[in-house]
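**Q** I have a structure here, written as structure tokens, and I will follow up with some questions on it.
Numbering (my numbering), first residue to last: 167 to 284.
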């Protein structure tokens, strides 16, 4: 029997998916923070430009593209002090057998469309 994933485990899963995507796009990681509620999750360089990436795991039925605009503006203001670009990476995670059930360690599907610039 597979166990239900905790909030931290869901967050780590989302971090792995976004981290792999950033790596594949040629980003160089300067800082990675996988603790819940510690932002940004990734501070990375690409083309000599600094990027702040906020990662959130979003459980069904919430929309992984929807983010807290007020919070993201705060992050963007902080990023601008460092001349950094700000991105949101929402990773939708659901139980693969029944979207209404909790997400299990080996039974999940991912809905991730990449970075959204703020």
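Yeah, the Cβ is synthetic: ideal placement off N, Cα and C, and Gly gets one too.
It should be emphasised that the depicted structure is a prediction, and the values quoted were computed from it without experimental measurement.
#1: Which runs of the beta strand (DSSP E) fall wholly inside the segment 181-232 and span at least 3 residues, in chain order?
#2: What's the gap between the Cα of residue 267 and the Cα of residue 257?
#3: What I want to know is whether the C-beta of residue 265 ends up closer than 7 Å to one or more non-hydrogen atoms of the ligand NAP.
#4: For my contact list, residue 208 and residue 188 are in at a C-beta cut-off of 8 Å; report their separation, rounded to the angstrom.
#5: So, helix, strand or coil for residue 241, using DSSP?
#6: Quick check: residue 259 and residue 269, are their CB atoms within less than 8 Å of each other?
#7: Verify whether the separation of the beta carbon atoms of residue 238 and residue 224 is less than 8 Å.
#8: Have a look at residue 277 and residue 265 and give me their C-alpha separation to the nearest angstrom.
#9: Below 8 Å between beta carbons: does that hold for residue 274 and residue 254?
**A** If we stick to the structure as given:
#1: 194-198, 208-212, 215-225
#2: 17 Å
#3: Ligands in the displayed structure: none, and consequently the ligand NAP is not present.
#4: That belief holds up - the Cβ atoms of residue 208 and residue 188 are roughly 6 Å apart, short of 8 Å.
#5: helix
#6: yes
#7: no
#8: Using only the alpha carbons, I get a separation of about 12 Å.
#9: no
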